[in-house]
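Note that the sequence shown ends on residue 681 in this note's numbering; no numbers are left out. For each residue, glycine too, the CB sits at the ideal point set by N, CA and C. These numbers come from a predicted model, not from an experiment.
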Amino acid sequence: MRDRQLKSIVGCLLGTAVGDAMGLPYTRLSRKQIYQSHTPIVGHNFILNKGMISQDTEHTCMVAQSLIASGGNTAKFSHYLAWRLRFWLIAFPPSASSTTLKSTLKLCLGSSPQTSGIDSIDNSAAVRSIIIGVCYGNEPSKLLSLVKAATTITHNNPQAVLGAIAIAVASYLAANEFLVAPQDYYQTLQKFLIDFDAALSDKETTAFLSLIEQACLSAEGNEQGAIFANRLANDKGISRSIDDTVAIVIQVWLRNQGSYSQSIKEIIYLGGDTNTTAAIVGGIVGASEGITGIPKRWLDNIIDFPRSTNWIASLGKRLAQAQNTPQQSLPLASYLILPRNIIFWIAILFRAFYRLLPPY
């Protein structure tokens, strides 16, 4: 059991990082632009066929660090995550949503983790819940408490919380079952939201569950992700809306269980917010397949620092040891973060200029 959990935690963290890095070069491109402007996706395409991570992986690592230091205690978890977000902001992060920036600025100006959230339904908080599902899915009340804390620190809209819970339940099931049937996923999510009293609006919960049921029925019928996305009016690319993101991610995951590379490629080809959607799918499938399910070349060609793939793997190992037992979080070479961010800023500006040229 312990070996299985270690495999799932490390696979989840690295799966998130690789998906994030693979999707980053295509973010905000439409489906048509990706097909017209790029050769088939076979590897990284950010800097000289190498990859770097975005806010999505950085925040996932912060959640993991906070889980280690808090031992899963929600109040302590919120405290540690808030401080990590504050330090993250002062290093001028180059890839961050406006909601996350505003809420983190509120933290820096003295707001508590309970009052810093912004009323937003963008999807940037959903990725933080993946690792929580892997670690605490067998403790429903604790999972709900931790997911709410990780979400509302930046996003206090109930839809953001619903979406984050849905992702956490997906990663929990992926980590514990060889193959998750669409209806099993739907019924488990329903149980978490209703039977375990997620304390969310009945009207919003019912509407959200209806959307997830559509995704599960679509996956059950093996409908292509592009067709399902079209039905949700995401024909040009997956929007940043939490509802659209979660529904399409769940549909793609349920149809591609057992194939990390296929799930990542399909979600990227759907366009839109590709680094976040690929990070979420990658984290869920990684929780099931472990590190061996992730293409080695994709892992090896991430050149980020100080949160390298080796460091992230070590983070996963420490997190596996810290379930319900506070430990010292894994040291990080923080002095390298600002130089790294400067390099990332340069790469982003270059890509922005590049997109002004044909065929974009």
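Notebook entry, point to check: Under the three-state reduction of DSSP, which class applies to S391: helix, strand or coil?
Noted result: helix
Problem set entry | Residue from P647, W409 and S609 whose Cα sits closest to the Cα of S375 | W409
- Could you round the C-beta distance between S424 and I439 to whole angstroms and report it? I think they count as a contact, below 8 Å. 5 Å
- Item | Neighbourhood of N543 by C-beta distance below 7 Å, restricted to the same chain and skipping five residues each side | R576
- Task: Could you spell out where the alpha helix (DSSP H) holding L620 opens and where it closes?
- Result: K617 to D621
(message) Checking 8 Å against the spacing of the C-beta atoms, do R405 and S387 come in under that value?
(response) yes
Quick one: residues in its chain with C-beta nearer than 8 Å to the C-beta of K463, no 5 flanking neighbours on either side, listed in chain order?
G393, T395 and Y457
Check: What is the C-beta distance between G592 and I362, in whole angstroms, given that I count them as a contact (C-beta under 8 Å)?
Finding: About 12 Å separates the two Cβ atoms, so there is no contact after all.
Q) Which term fits N555, buried or exposed, when burial requires 16 or more other beta carbons within 10 angstroms of its beta carbon? A) buried
Note to self: When you compare the CB positions of L402 and L636, do they come within less than 8 Å of one another, or not?
What the structure shows: no
To the nearest whole angstrom, what separates the beta carbons of A568 and A536, a pair I think is in contact under 8 Å? 4 Å
Review point. So what does H476 bridge to, in DSSP terms?
Key: I439
(message) Using a Cβ-Cβ cutoff of less than 8 Å, which residues in the same chain neighbour Y507 once the five nearest sequence positions on both sides are dropped?
(response) L530, I533, E534 and C537
Can you tell me where the alpha helix (DSSP H) with M343 in it begins and where it stops? R323 to G344
| request: Would you please state the rounded distance, in angstroms, between the beta carbons of S445 and T421? I believe it to be under 8 Å. | output: 5 Å
ask   = Among residues of its own chain, excluding the 5 on either side of E282, which ones have a beta-carbon nearer than 8 Å to its beta-carbon?
value = A question about residue 282 goes unanswered here, because the residues of the chain that appear run from 322 up to 681.
Within the region 606 to 673, ranges of the alpha helix (DSSP H) (whole runs, at least 4 residues):
617 to 621 and 630 to 642
Please confirm whether Q504 has its beta-carbon closer than 8 Å to some beta-carbon of chain D. Going by chain labels, chain D is absent from the structure shown, which holds only one protein chain.
request  = Could you please give the first and the last residue of the uninterrupted alpha helix (DSSP H) stretch that includes N370?
outcome  = Run containing N370: none; DSSP gives neither H nor E here.
* Asked: Less than 8 Å separating the beta-carbons of K638 and V331?
  -> yes
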